[in-house]
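To start, the structure under review is shown below, and the notes come after it.
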Amino acid sequence: MMKKIKQVLALTVVTAVVLGAFISDSVTAFAMDGESTDQPIVLRVCNWEEYIDEGDWEDDEVIDLDSGDIFGENSLVEDFEDWYLETYGRKVEVEYSCFGTNEELYNMLTIGDEYDLVCPSDYMIMKLMSEDWLEPFSQNFFDEEDENNYYVKGVSPYIRDVFDENEINGESWSKYAAGYMWGVTGIIYNPDEVSREDASTWHIFDNEDVYRRITIKDNVRDSMFAAVGAVKSDKLTDPSFIADPDYRSLLMDEMNDVSEETVLAVQDYLQKAKNNLYSFETDSGKADMITGKVVANYQWSGDAVYAMDQAEEDDFYLEFAVPEESTNLWFDGWVMLKEGIGNDPAKKQAAEAFVNFLSMPENAVRNMYYIGYTSVISGGDDGRVYEYLEWNYAAEDDEEDVVDYPVGYFFSGDPEDEDYILMVPEEQTRRQLYAQYPTSDVIDRSAVMWYFDPDANARINRMWINVRCFNAKNIPVPVFVVVGALLAGILFIMIRTRLKNRDTGRQ
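Residue 104 in the numbering used here sits at position 100 of the sequence shown, with consecutive numbering throughout.
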């Protein structure tokens with residue numbers, strides 16, 4: 005009997021050891037698969053340089069809204085890591101890096117750099133969608149009942165409609181992209197040197213009144229958009245064109261016309277206009293305006309705000325105008341990459357949580373304050389974004405020369421909404437407020453520039469090379485004659501010398 009009991013006990017011990025080993029191996033495998041809550045989620049994020057609040061605000065930088073103070077003590081990346089652990093009970097580590105241009109980001113991806121979440125601009129989002137790089141957002145991301153889904157609850161109705169209505173390969177942008185910052189393009193100018201009328205047309209680039217005192221963007225898309233506006237100016241400003249019931253779609257078609265005829269017209273315009281320019285520039289335009297080196301500059305709205313703010317510190321006042329022909333509606337947005345996210349649901353959830361965290365109204369305000377651009381977040385039922393707008397621009401009670409400034413199209417989707425009418429100093433209808441939140445008539449004449457197919461891109465790039473580098477067609481005939489004569493003379497001397505040397509050798 006005792007022998008049988010010992011056998012049973014021994015079997016039990018062996019079974020326990022084997023079972024324990026199995027459980028241990030299973031837990032280890034579970035952890036290696038990245039599903040253990042003890043293992044941190046590593047989230048690789050790549051964003052534009054200086055495009056997120058990095059914290060370390062000075063004590064006097066507190067944004068004291070009626071609903072409470074907003075202050076950036078730590079970077080938003082650090083704050084997200086703390087918030088995620090507190091909210092979801094799991095640690096996340098963000099590996100944050102930056103890129104300088106959309107093309108640089110694309111090159112980084114094509115050579116094998118792996119990221120989970122990146123923030124390209126509109127056309128690059130379209131390109132990545134068309135080439136099947138992107139992971140769609142989950143259904144839960146769009147669930148407004150989830151209290152942590154700040155993006156879907158707080159994105160501007162206007163921006164939401166833009167993302168919903170535009171498609172690539174039959175799928176809306178909103179399925180793959182969440183907006184971050186947005187704006188329009190226009191002309192920042194010195195009102196003492198340039199009239200508002202002259203600054204309110206894309207023809208300012210060939211206006212001899214600003215000869216060698218105006219700059220344009222050194223990239224093909226922005227400069228082409230401006231040139232299309234100039235070469236089609238008569239049509240785009242024709243009252244019958246504007247009154248057409250299909251005006252918005254017709255405008256999009258015209259501003260995205262990449263036919264051979266239009267591209268050649270754009271090339272001719274830019275080649276003539278560049279003789280009137282101070283320079284093509286990428287980032288120096290702001291400084292050139294602030295120092296007075298130039299009197300007008302083609303600019304994105306966020307950089308225009310920066311230039312106006314900096315100039316104002318020296319009692320130097322600049323203004324912003326949006327051309328009457330059309331303006332480019334641009335945006336940057338967050339997208340998840342298939343190669344990074346893979347089939348890891350935890351990583352995908354963390355990436356969506358990062359977007360939601362940045363979409364909290366207080367964090368949208370921190371970003372706007374820190375980087376100067378305009379968030380796509382209006383706040384929904386949370387009024388802090390609108391409060392921040394009032395905090396920046398509302399007129400003082402005793403201030404004179406004030407006007408009403410409606411922004412309902414952005415905050416509620418209704419341009420006539422009386423709850424979103426600011427009373428502001430009249431000058432703000434031409435300055436920072438106008439750049440950050442353009443009036444509804446500007447929005448009506450805005451157009452997104454599409455991503456073009458390979459044939460169109462090749463045509464556009466050839467045009468840009470001719471504009472920026474060299475085009476034989478632009479060499480005057482007399483120059484050809486002189487150069488031809490010089491070459492003929494050199495060739496004659498070479499032949500004569502060779503014949504003479506040959507005859508000398510025979511002797």
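Just so you know, even glycine gets a beta-carbon here, dropped at the ideal spot from N, CA and C.
_Can you tell me whether K221 is helix, strand or coil according to DSSP?_
Reduced to three states, the DSSP call for K221 is strand.
*asked:* Given a cut-off of 9 Å on the beta-carbon distance, is the pair I172 and A308 in contact?
replied: Pairing I172 with A308 gives a Cβ-Cβ distance that is not under 9 Å.
*Apply the 10 Å Cβ neighbour rule to D336 and answer buried if 16 or more other Cβ atoms are within range, or exposed otherwise.*
Result: buried.
*Tell me whether Q440 is buried or exposed, calling it buried when 16 or more other Cβ atoms sit within 10 Å of its Cβ.*
By the neighbour-count definition (other C-beta atoms within 10 Å, threshold 16), Q440 is a buried residue.
*Can you tell me which of the three DSSP states G233 falls into?*
Residue state, collapsed to three classes: helix.
_T91 - DSSP class collapsed to helix/strand/coil_ = It is helical.
_Could you tell me the alpha carbon to alpha carbon distance between R435 and N461, rounded to whole angstroms?_
R435 and N461: Cα-Cα distance of roughly 35 Å.
_Through-space distance from V166 to V380, alpha-carbon basis_ = C-alpha separation (whole angstroms): 11 Å.
*Could you tell me the distance, in whole angstroms, from the CA atom of N260 to the CA atom of Y273?*
Straight-line Cα distance between these residues: approximately 17 Å.
*What are the uninterrupted segments assigned as alpha helix (DSSP H) that are 4 or more residues long and contained completely in the segment 386-467, given in chain order?*
For the segment 386-467, whole alpha helix (DSSP H) runs of length 4 or above, ordered along the chain, are 388-397, 412-415, 436-440 and 444-448.
*Taking three-plus beta-carbon pairs below 8 Å as touching, is the segment 100-113 in contact with the segment 128-136?*
Taking 8 Å as the limit for Cβ pairs, the verdict is that the segment 128-136 does touch the segment 100-113.
_Of the listed residues D318, K276, I294 and E323, nearest to S305 (C-alpha basis)_ = Across the set D318, K276, I294 and E323, the C-alpha of E323 shows the shortest separation from the C-alpha of S305.
*Return yes when the C-beta of N173 is under 8 Å from any heavy atom of the ligand HEM, and no when it is not.*
Of ligands this structure carries none, so the ligand HEM is not represented either.
*Going by beta carbon distance, what residues of the same chain come within less than 8 Å of N465, once the five residues before and after it are set aside?*
The beta carbon of N465 sits closer than 8 Å to those of V224, all from its chain and outside the five residues before and after it, given in chain order.
*Please classify G104: does DSSP put it in a helix, a strand, or coil?*
The answer is coil: DSSP assigns G104 none of H, G, I, E or B.
_Quick check on M185: does DSSP put it in helix, strand or coil?_
M185 falls in the strand class under three-state DSSP.
_Counting C-beta neighbours from all protein chains within 10 Å, is the total for Y527 16 or more, i.e. buried, or is it exposed?_
This structure leaves residue 527 out entirely; the chain is present only between 5 and 511.
*How about F209 and L281: do their beta carbons lie closer than 9 Å?*
In this structure, L281 lies closer than 9 Å to F209 by Cβ.
_Per DSSP, what are the beta-bridge partners of L254 in this structure?_
Note: L254 sits in no beta bridge, so no partner.
*Within 10 angstroms of the Cβ of I425, are there 16 or more other Cβ atoms? Answer buried if so, exposed if not.*
When all chains shown are included, I425 counts as exposed.
*Helix, strand or coil for I115, going by three-state DSSP, please let me know.*
I115: coil per DSSP, three-state reduction.
*Determine the direct distance from the alpha carbon of E151 to that of G417, and round the result to whole angstroms.*
G417 and E151: Cα-Cα distance of roughly 22 Å.
_Among Q271, A357, I345 and A181, nearest to C473 - alpha-carbon criterion_ = Across the set Q271, A357, I345 and A181, the C-alpha of Q271 shows the shortest separation from the C-alpha of C473.
_M431 versus P195, Y119 and R217, residue with shortest Cα-Cα distance_ = According to the sequence shown, residue 431 is Glu rather than Met. When C-alpha distances from E431 are compared across P195, Y119 and R217, the shortest belongs to P195.
*Looking only at C-alpha atoms, which of F284, L268 and G174 sits nearest to K221?*
It is F284 whose Cα lies nearest to the Cα of K221.
*Spell out a yes or no on whether the segment 67-86 and the segment 356-374 are touching, meaning 3 or more CB-CB pairs, one atom from each, closer than 8 Å.*
With a cut-off of 8 Å, the segment 356-374 and the segment 67-86 count as touching, because enough Cβ pairs lie within range.
*Just the C-alpha distance for L362 and I218, rounded to the nearest angstrom, thanks.*
Spanning the two alpha carbons is a distance of roughly 36 Å.
*asked:* My output table needs one value for T286: the three-state DSSP class, helix, strand or coil.
replied: Coil, per DSSP.
*Could you check what DSSP says for Q303 in three-state terms: helix, strand or coil?*
In this structure, Q303 counts as strand in the three-state DSSP scheme.
*Look at the Cβ atom of K290, then the Cβ atom of Y310, and state whether they are nearer than 9 Å.*
Contact: yes.
*Going by the CB atoms, is the gap between N144 and E356 shorter than 9 Å?*
Cβ distance < 9 Å, so E356 and N144 count as in contact.
*asked:* Could you check whether the segment 387-394 touches the segment 175-186, counting it as contact only if at least three pairs of C-beta atoms, one from each stretch, sit closer than 8 Å?
replied: These segments do not touch.
*So G187 packs on V159, CB below 8 Å; how close in whole Å?*
About 15 Å; that fails the 8 Å criterion.
*In three-state DSSP terms, what is I56?*
Looking at I56 - three-state DSSP - the assignment turns out to be coil, as it is neither helix nor strand.
*May I have the straight-line CA-CA distance separating V407 from Y397, to the nearest angstrom?*
For the pair V407 and Y397, the Cα-to-Cα distance works out to about 12 Å.
*What whole-angstrom Cβ distance do S253 and S330 have, given they're in contact under 8 Å?*
Taking a contact as a CB-CB distance under 8 Å, the pair S253 and S330 does not count as one, their CB atoms being some 13 Å apart.
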